[in-house]
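> This structure is in structure tokens; I'll ask about it shortly.
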Amino acid sequence: MTLSLEHQSGILSKLLSCGVSLLAEVFRLRTTLPEDISDVSKSRFKSILLEFSYFETPIEFDQKIEDNVGLKDLDEEFTELHRGYVLDFSKFMHRLCSFIFEFAEYTQKYATVDVLLDTEWNKIHSQRADVLYHLGIILIFLDEKFLASSREALFVAGQRLGDKFASTHFETSISLLRERKDVFENCFVHLGVDRKFAENVLEYVRTFSLIQTQDVGMSSRKSSLVYIALWFIPNVLRDEGPLMRTLVDAFFGDQWILPLHFELTANVLQKWKNYKPAILALRGVLRQEHVASIVQQKIEILKSNKLPSGLLSLEEFEYYKKTLVVCNSALKWIILHFGDLERFKKISILFDPFKYLLTLIKFEYKFKQSALFTIKNKTAQADKLKERISSSIDQVVHILDRSQESWKTKVSAWLGKINDKLSAIGVVNPKSVNVIESVKLKLEEISEITSDDQRVINQYLEVILKNLDSLKTVILLNFDFLNTLDTQCDADYLWNCISGWVPKLESLLQSEPVMVKYFFFKLKSPIEVKVAGMSTEKSEAIAVFYHKILETYLKRIVQAIPRGVFVELEELQSLLIDDEYCFIEKSKVKNIIQSERRRRLAEKTCKISKLSLGRTYFTYRVAQKIETHISFKHHNLNEVTIHISNIEHC
Numbered sequence: 009m010t011l012s013l014e015h016q017s018g019i020l021s022k023l024l025s026c027g028v029s030l031l032a033e034v035f036r037l038r039t040t041l042p043e044d045i046s047d048v049s050k051s052r053f054k055s056i057l058l059e060f061s062y063f064e065t066p067i068e069f070d071q072k073i074e075d076n077v078g079l080k081d082l083d084e085e086f087t088e089l090h091r092g093y094v095l096d097f098s099k100f101m102h103r104l105c106s107f108i109f110e111f112a113e114y115t116q117k118y119a120t121v122d123v124l125l126d127t128e129w130n131k132i133h134s135q136r137a138d139v140l141y142h143l144g145i146i147l148i149f150l151d152e153k154f155l156a157s158s159r160e161a162l163f164v165a166g167q168r169l170g171d172k173f174a175s176t177h178f179e180t181s182i183s184l185l186r187e188r189k190d191v192f193e194n195c196f197v198h199l200g201v202d203r204k205f206a207e208n209v210l211e212y213v214r215t216f217s218l219i220q221t222q223d224v225g226m227s228s229r230k231s232s233l234v235y236i237a238l239w240f241i242p243n244v245l246r247d248e249g250p251l252m253r254t255l256v257d258a259f260f261g262d263q264w265i266l267p268l269h270f271e272l273t274a275n276v277l278q279k280w281k282n283y284k285p286a287i288l289a290l291r292g293v294l295r296q297e298h299v300a301s302i303v304q305q306k307i308e309i310l311k312s313n314k315l316p317s318g319l320l321s322l323e324e325f326e327y328y329k330k331t332l333v334v335c336n337s338a339l340k341w342i343i344l345h346f347g348d349l350e351r352f353k354k355i356s357i358l359f360d361p362f363k364y365l366l367t368l369i370k371f372e373y374k375f376k377q378s379a380l381f382t383i384k385n386k387t388a389q390a391d392k393l394k395e396r397i398s399s400s401i402d403q404v405v406h407i408l409d410r411s412q413e414s415w416k417t418k419v420s421a422w423l424g425k426i427n428d429k430l431s432a433i434g435v436v437n438p439k440s441v442n443v444i445e446s447v448k449l450k451l452e453e454i455s456e457i458t459s460d461d462q463r464v465i466n467q468y469l470e471v472i473l474k475n476l477d478s479l480k481t482v483i484l485l486n487f488d489f490l491n492t493l494d495t496q497c498d499a500d501y502l503w504n505c506i507s508g509w510v511p512k513l514e515s516l517l518q519s520e521p522v523m524v525k526y527f528f529f530k531l532k533s534p535i536e537v538k539v540a541g542m543s544t545e546k547s548e549a550i551a552v553f554y555h556k557i558l559e560t561y562l563k564r565i566v567q568a569i570p571r572g573v574f575v576e577l578e579e580l581q582s583l584l585i586d587d588e589y590c591f592i593e594k595s596k597v598k599n600i601i602q603s604e605r606r607r608r609l610a611e612k613t614c615k616i617s618k619l620s621l622g623r624t625y626f627t628y629r630v631a632q633k634i635e636t637h638i639s640f641k642h643h644n645l646n647e648v649t650i651h652i653s654n655i656e657h658c
């Protein structure tokens, strides 16, 4: 059964929007999980937090609680405290089951799309892969971020509160939430997603490099997509050794830890350890000497690519972008794999990823701000450059007009026409770039035919060529350029590092607070990438939610400032003196003044003042910038109510 391209795209857009919303909702549920439920074994309500054994004899369990005054009081207290959260979790499971069944129905009707290399159908293939990917990520996040006992207790509590499920939804929820002895991802194959659909997605990702497409997002997450797709066709992991070797060589030959989402990664060496063909293929390529060479290669990339520290040149913007992409990719590999290199003996990294990250994000912030300024002032920037080019061309024409040689006269006339043509090009016209490129070729030809004694002309031509490169950059720069850069310099993996870097960030906040601002700007860059393609209302709500999570992280780190103030105040006590002098001998004035002590006293009081005054300002400014990253047409960001569960059911 086939559908038109537009119809397929509409169905998949709806499914993808639902998947992104559900992923944000399960993230919200994890961040707001009450302590009383996060670990049932340590909860004071553990006697009434029931596992799935409750469903064997529900009447007996309910009667037992009803007959015991202590249990009944606990049950009522739990309901009063956590009823809202329990019902939110139940609503999430309702929507998740609906999403699974709707997607499974789609995959069974439209299992394959045969036109793999047709660029018109590339969007459909990308959407199909994205929906499958989001389904896998939602389920993995649910499994890894909630203990099995918590999941079961929440589901049972929802049922006891009267939130009944349809039979199919009930069975699916039990399958997803119950505690498992085997790998959780093994349940994917039982969700009803057609095997041929998953195989078609896998084939698309494998042939993606042959497709002429601008889908940067797909390029950056191919390995993660393959990893998720394989769980829906586990026979490949289990039985097909040759295919697994091909896939490992193509997608996992130099990486085994994959970023999946904010605060979520996958270690394929651990996940595939019970699948013999898969683990043999991995061990075949991830040999110690190979991994050691990868480590050295990544470090060499970071050391060899020098990040500019001075003013940025417009003509070098493309080079800056390539440098950022290469360095971000290398640093991402090191940070992701840094903690897992212990499994490879004799491999150690004498390199501080955090220190280099600070250098990189400082330059990245500077580059993005320069690009943003240029985009906002595009017309003015282009006019200035055209003036410079016109002035330089006039100078060359003036020099050539002094000569009586015929070829110089022709060149002079031609330059005059070029000047008029460049003055007329528009900054929003894509064809302007072609005009600039053709002009550059002609100017290079002129430069080659000029003799060595005409160095002045050559110098002018070099200036013109540089300004033409700058003009080309101004024309090409747009918001898509920045969005593409955010996608290529993917930073969602850094969210997983925040908790481990809190001491470093607290120390950094006291010494260089502006670097903490750069760090959080880096963390927020992937948020818009995650919500791209959704309706405006949903994307705004989800983006604001993720920004609020970042604000929570920031507030935690900012607590270092009041602690630092009290530490400084304690040290200040030793510098104070209680002795009072009413008469001082001239010879002892120098000793009594104690200039060094007073210098340290002034230094400490100055530092305390800066910390005290800076805390409020820094918290307000950085949090404000994080929040106001999204520009609303009709809403003030502070007026938006964040509650992902209120997003309409897809």
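So the sequence shown is residues 9 to 658, counted in this note's numbering.
The beta-carbon is built from N, C-alpha and C at its ideal position, and this holds for glycine as well.
Could you compute how far the alpha carbon of Q567 sits from the alpha carbon of D360?
25 Å
> Bridge partners for A274 per DSSP, in chain order?
Per DSSP, L266.
> Smallest Cα separation from V30: which of Q135, N427, R103 and F196?
The question names Val, but residue 30 is Leu in the sequence shown. Comparing Cα positions, the closest option is R103.
> So, helix, strand or coil for L4, using DSSP?
Any answer about residue 4 is impossible in this case: the structure gives the chain only from 9 up to 658.
> Among residues of its own chain, excluding the 5 on either side of L185, which ones have a beta-carbon nearer than 7 Å to its beta-carbon?
Answer for L185: R159, E160 and F163, listed in chain order.
> Answer yes or no: do V234 and V201 have a C-beta to C-beta separation smaller than 7 Å?
In this structure, V234 sits away from V201, with a CB-CB distance that is not shorter than 7 Å.
> For I145 and P316, what's the separation of their Cα atoms in angstroms?
It is roughly 38 Å from the alpha-carbon of I145 to the alpha-carbon of P316.
> Quick check on the DSSP output: the alpha helix (DSSP H) that includes C335 runs from which residue to which?
F325 to H345
> Within a Cβ cutoff of 7 Å, which residues of the same chain sit near I56, ignoring the five residues on either side of it in sequence?
I73, L79, L82, D83 and F86
> Straight-line CA distance for Y373 to H345?
25 Å
> Rounded to whole angstroms, what is the Cα-Cα separation between E656 and K546?
Because the pLDDT of E656 is 38, which lies under 50, any placement of that residue in the model is unreliable, and the question is left without a value.
> Quick check: the Cα distance between S228 and Y526, rounded to an integer number of angstroms?
23 Å
> Closest to S400 by C-alpha separation, out of L430, E193 and V77, would be which residue?
L430
> Report buried or exposed for P285, applying the criterion of at least 16 other Cβ atoms within 10 angstroms of its Cβ.
buried
> Using the rule of at least 16 other Cβ atoms within 10 Å of the residue's Cβ for burial, across every protein chain shown, is T382 buried or exposed?
buried
> Would F527 count as contacting chain D if we go by Cβ distances under 7 Å?
Although the question refers to chain D, the structure presented lacks it and comprises just one protein chain.
> So, for T367: in the same chain, excluding its five sequence neighbours on each side, which residues have a beta-carbon less than 8 Å away from its beta-carbon?
Closer than 8 Å at the Cβ level, and outside the excluded window around T367, lie L315.
> How many angstroms separate the CA atom of E604 from the CA atom of K615?
16 Å
> Thinking S98 and G166 are a contact (beta carbons under 8 Å), I'd like their distance in whole angstroms, please.
3 Å
> Measure the beta-carbon distance from S232 to L266 and round it to whole angstroms, keeping in mind my assumption that it falls under 8 Å.
Indeed they touch by this definition, with Cβ atoms about 5 Å apart.
> Between which two residues does the alpha helix (DSSP H) holding V48 run?
In the DSSP assignment, V48 falls outside any alpha helix (DSSP H) and carries neither an H nor an E.
> Pull up the distance between the alpha-carbon of V244 and that of V256, whole angstroms please.
12 Å
> Where do the N-terminal and C-terminal ends of the alpha helix (DSSP H) with M523 fall, by residue?
P521 to K532
> Is the distance from the Cβ of Y554 to the Cβ of I506 below 7 Å?
no
> For Y141, which three-state DSSP category applies?
helix
> Pop quiz: V139 and F111 are said to be a contact at Cβ under 8 Å. What is the actual Cβ separation, rounded to whole angstroms?
6 Å
> Leaving out five residues before and five after T624 in sequence, what residues of the same chain have Cβ atoms less than 8 Å from its Cβ?
Legend: pLDDT at T624 = 47, less than 50; position of this residue unreliable, value from coordinates given subsequently. For T624, where only same-chain residues beyond five positions count, there are no Cβ hits under 8 Å.
> Check whether the region 466-477 and the region 388-402 touch, using three or more Cβ-Cβ pairs below 8 Å as the test.
yes
> Using the C-alpha atoms, what's the distance from V537 back to A390?
C-alpha of A390 to C-alpha of V537: approximately 29 Å in a straight line.
> Please state whether DSSP places M101 in a helix, a strand or coil.
Residue state, collapsed to three classes: helix.
> How many Å lie between L288 and D247 at the Cα?
12 Å
> Of the residues Q116, L513, C497 and R36, which one's Cα is nearest the Cα of V333?
Considering only alpha carbons, the answer is C497.
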